[in-house]
Structure formats: structure tokens, C-alpha cells
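Numbering-wise (numbering that gives the first Met the number 0), the sequence shown opens with residue 0 and increments by one. Report on one structure; see the data block that follows.
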Amino acid sequence: MSAAGRTQDRPADKAARYAEIAEEIAAVLDGEPNLVARMSTVSALLADAFEPFFWTGFYLVDPDKPRELVVGPYQGTLGCLRIAFGRGVCGAAAETGRTQIVADVHAFPGHIACDSRSNSEIVVPVRDAAGELIAVFDVDSTAFGAFDQTDALWLERILQASFG
Ligand code: SME
0 MSAAGRTQDR
10 PADKAARYAE
20 IAEEIAAVLD
30 GEPNLVARMS
40 TVSALLADAF
50 EPFFWTGFYL
60 VDPDKPRELV
70 VGPYQGTLGC
80 LRIAFGRGVC
90 GAAAETGRTQ
100 IVADVHAFPG
110 HIACDSRSNS
120 EIVVPVRDAA
130 GELIAVFDVD
140 STAFGAFDQT
150 DALWLERILQ
160 ASFG
């Protein structure tokens with residue numbers, strides 16, 4: 000299907016697609032406690048649901064190296080293995096605990112170019128049931144300005160439901 004024919008091109012359709020995929024994720028994860036299995040499932044289903052998602056996955060807070068992220072389950076081309084808190088978009092999300100939406104990653108100070116085809120990005124902090132930061136969820140797109148508040152709202156909701 001051409002990108003133009005995809006249902007999520009209009010904001011309302013994108014929200015509807017997120018709602019469907021959120022239900023699907025909850026159904027597949029039901030009863031599965033393993034974190035790698037859960038993160039792999041979330042990455043796979045979201046990467047497949049949205050055409051602009053070029054790199055989709057997790058950077059985990061490394062329990063052995065506080066203030067460092069290490070790559071976790073993902074879909075896409077080779078990702079950098081480690082990112083320090085405060086570096087690039089993922090590091091900014093980990094440092095601030097806030098979702099980062101970047102319309103042009105080349106204009107973001109300290110952006111880490113794992114793949115030069117990435118042009119925009121959203122990174123959402125992931126917390127466990129105790130509210131502890133355990134990871135960030137990173138989605139990159141080859142398009143500029145691919146992510147908006149609808150993505151932020153739904154990704155935050157899905158990650159909270161899956162890991163909170
Ligand atoms: N672009 C990210 C690095 C991770 S990858 O793109 C997979 C950043 O600046 O945080």
C-alpha cells in the first residue's frame with residue numbers, strides 16, 4: 000500500500016489505529032511477566048502498525064552503570080549500543096523524565112546519528128509500577144516532523160499499561 004493510502008495519515012485515523020494496537024498489545028502481553036518478551040512484543044507490534052516507524056525500540060537503564068542506557072529489544076537498522084543520560088534525544092528523555100518530540104534531529108544538540116536516514120524522533124520514558132525509570136522507548140522516522148502529541152499520548156499510555 001502506498002504511504003498515502005495508509006489509514007494513519009489523518010490525525011483521527013492515527014488515534015484510532017493506536018487504540019486498536021493498544022488493545023492488541025494488552026491481549027498479547029496478558030499473563031507474560033518476562034520483560035524482554037514484553038518489550039520485544041511492544042516493539043514488533045508498533046513497528047508493524049505505523050509505516051513511518053523506521054527504528055522502534057527500547058534503551059534500558061543499565062543496572063550496572065547508573066546514568067547509562069543500553070540498547071534493548073528493537074525493530075530496525077543497527078542501533079547504537081550505549082547512550083549516556085543527557086546525550087542526544089534518548090539521553091534527554093532519560094535525564095528529564097519527559098517525552099521528547101524532535102521534528103528535525105539534525106537540529107537537536109548532541110543528537111546521536113545511529114542511522115543517517117533518521118530525520119525525526121520521539122522518545123518516551125518508561126517506568127515500572129514503582130514509578131522508577133527502567134528504559135526509554137525510541138521511535139525514529141525517515142520523514143521530518145513525523146511525530147506529534149497524538150503519538151506522545153498514545154505511546155505514553157501503551158508503555159504505562161505495559162510496564163507500569
Ligand atoms: N537518535 C537517538 C539515538 C538512538 S537511535 O537513533 C536508534 C538519540 O539521539 O537519542
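Even glycine gets a Cβ: it sits at the ideal position worked out from N, Cα and C. Computed from a predicted structure; not experimentally measured.
CA-to-CA, the gap between tyrosine 58 and proline 72 works out to about 8 angstroms. Its Cα nearest to that of alanine 83, the residue Lys64 stands out among Arg97, Val101 and Lys64. With respect to the C-alpha of glutamate 23, the residue from Gln99, Ile157 and Thr55 having the closest C-alpha is Ile157.
Counting along the chain, no beta strand (DSSP E) covers proline 10; the unbroken alpha helix (DSSP H) around it starts and ends at 10-28. Just so you know, the alpha carbons of alanine 43 and alanine 128 end up roughly 23 angstroms apart. Per DSSP, the continuous alpha helix (DSSP H) segment holding phenylalanine 162 begins and ends at 148-162.
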